[in-house]
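**Q**
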Amino acid sequence: MTYGDSLGIVWDERFREISFSHPMIRDVSKSRIVRFRELVSTLNVYFISPKPATYEDLLEVHDESLLRKIKEVSSLPYIGFLDSGDTVHYPGMFDDILLVAGSTLTAIFMSRFFDSIYIPLGGFHHATRSRSMGFCPINDVNLAISRLMKMGERVALVDVDAHHANGVEEMFYDKPVLKINIFAYDGKFFPGTGDYRRRGKGEGTGYNFNVGLPLGSADDSFQEALRLLDVVEDFKPSVLLVVAGVDGHKDDGLKSLNLTTNSFNLLGLKVSRLARRVNARIISFGGGGYGPGSAPSMFSFVKGLMGNRSEDEMPTQDEEKKAYVKKLVDLLLERLPSSLE
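Using UniProt numbering, the first residue of the sequence shown is number 1, and each one after it goes up by one.
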């Protein structure tokens, strides 16, 4: 069974009402998913219904103590927090978590039939094995990597969410998984991790790339950072995971970067072309996004995945920040492991 140049969207109507974000931005988080569904319906895509994961599936990447805690608070008749005040819990939440995790596993299974799979409600990359954090009760990205590795796949991750994927780095720091993170960074911006000198250890030595963009970085800096994607071609993954978080858009409610929809469209184009060159399947996650530019940015990324170039906003520039990012990328490219040279 083959669909040729095809894109599958994992979708369930319950996505419209799911958000693990802080109560002050939950409605914004939900509305971007609703608006994205409206926009993407204008494209020739296939909608895939997910099958919920099981409790045992989550044990693959999380301690049972954490899962028991989440399940217990999900039965409470009120809204509260799982962590210090970011990640919300609410009645019936555990069922939503199983649906989110199941969307990832469904995407893995269905990826053999499509060139690309996109999960708009996914990319919860902050949670660790034992802790929920940063709007992420569990870590579906870790589940994807773990399951794919068990299947014998060679996995690369490109994560451009404005917040560093600390949960992924922690779990796979010593594993031969290529991880490229492009995010906002000043040493303090949440989660505060992502030092460029952290390059992995053991079997993972040299496979961890952190490109911390100065706060306020523009499209030109983002484009400069995307030069690191050349490393993916040398790595030759069989599956390319992409966390295409759009919270770096200039109008985001948690403003940290100054990107336009053009950057996310360019990302989609680049990973699509890259995957074709190395014959890799693409599984993408919607990641974060908390503003009016979120749904259009998600839509622009998907159009890029389908090979459609679009420039819907005036590109942003900051020559000083771009020069810094260029030096950082050059430095990282100079220190490649022998397997990536």
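Just so you know, even glycine gets a beta-carbon here, dropped at the ideal spot from N, CA and C.
Only a predicted model underlies this, so the values are computations on that prediction, with no experimental measurement involved.
1. Sort out for me which residues DSSP pairs residue 116 with in a bridge.
2. For residue 159, which residues does DSSP report across the bridge?
3. Classify residue 158 as buried or exposed, calling it buried when 16 or more other Cβ atoms lie within 10 Å of its own Cβ.
4. Identify, in the order they occur along the chain, each residue of the same chain with its Cβ nearer than 8 Å to the Cβ of residue 311, setting aside the five sequence neighbours on each side.
5. By the DSSP assignment, the alpha helix (DSSP H) with residue 102 in it spans what residues?
6. At the level of alpha carbons, what is the spacing between residue 29 and residue 17?
7. Per DSSP, which residues does residue 88 bridge with? Please list them.
8. Less than 8 Å between the CB atoms is what I'm expecting for residue 178 and residue 332, so what's the real figure, rounded?
9. Taking DSSP as the reference, what is the three-state secondary structure of residue 295?
10. If we define contact as Cβ-Cβ less than 8 Å, is residue 35 a contact residue for chain C?
11. Throw me the rounded Cβ distance for the residue 20 and residue 190 pair, which I believe falls under 8 Å.
12. Where does residue 61 sit, in a helix, a strand or coil, going by DSSP?
13. Under a three-way DSSP split, which group does residue 133 fall into?
14. Less than 8 Å between the CB atoms is what I'm expecting for residue 133 and residue 86, so what's the real figure, rounded?
15. Whose C-alpha, out of 22, 288, 318, 284, is nearest the C-alpha of residue 305?
16. So residue 18 is in the beta strand (DSSP E); what residue range does that whole segment cover?
17. Does the structure place the region 68-87 close enough to the region 33-44 that three or more beta carbon pairs sit under 8 Å?
18. Going by DSSP, what residue range makes up the beta strand (DSSP E) through residue 209?
19. Return the CA-CA distance between residue 89 and residue 73, expressed in angstroms with no decimal places.
20. Using DSSP with H/G/I as helix, E/B as strand and the rest coil, what is residue 48?
21. Count the other CB atoms, across all protein chains shown, that sit within 10 Å of the CB of residue 91; report buried if there are 16 or more and exposed otherwise.
**A** In short:
1. The bridge partners DSSP lists for residue 116 are 7, 282.
2. Residue 159 is bridged to 181, 243.
3. Under a 10 Å Cβ-count criterion, residue 158 is classified as buried, with 16 or more other Cβ atoms of the shown protein chains found around its own Cβ.
4. Excluding sequence neighbours, residue 311 sits near 262, 265.
5. Segment 93-110, the alpha helix (DSSP H) holding residue 102.
6. Roughly 9 Å between the two C-alpha positions.
7. Beta-bridge pairing links residue 88 to 81.
8. Between residue 332 and residue 178 the Cβ distance is about 12 Å, and since that is not below 8 Å, they are no contact.
9. Of the three classes helix, strand and coil, the one that applies to residue 295 here is helix, per DSSP.
10. Chain labels in this structure do not include chain C; a single protein chain is all it has.
11. That pair is no contact at about 15 Å.
12. Coil.
13. Under the three-state reduction of DSSP output, residue 133 falls in the strand class.
14. Yes, they are in contact, since the Cβ atoms of residue 133 and residue 86 sit about 7 Å apart, within 8 Å.
15. Nearest option by C-alpha distance: 284.
16. Segment: none, residue 18 is in no beta strand (DSSP E) and carries neither H nor E.
17. Contact annotation: the region 33-44 does not touch the region 68-87, with fewer than three C-beta pairs closer than 8 Å.
18. The continuous beta strand (DSSP E) containing residue 209 extends over residues 208-213.
19. Counting only the Cα atoms, residue 73 lies some 7 Å from residue 89.
20. In the structure shown, residue 48 falls within a strand segment according to DSSP collapsed to helix, strand and coil.
21. Residue 91 counts as exposed, since fewer than 16 other C-beta atoms from the protein chains shown sit within 10 angstroms of its C-beta.
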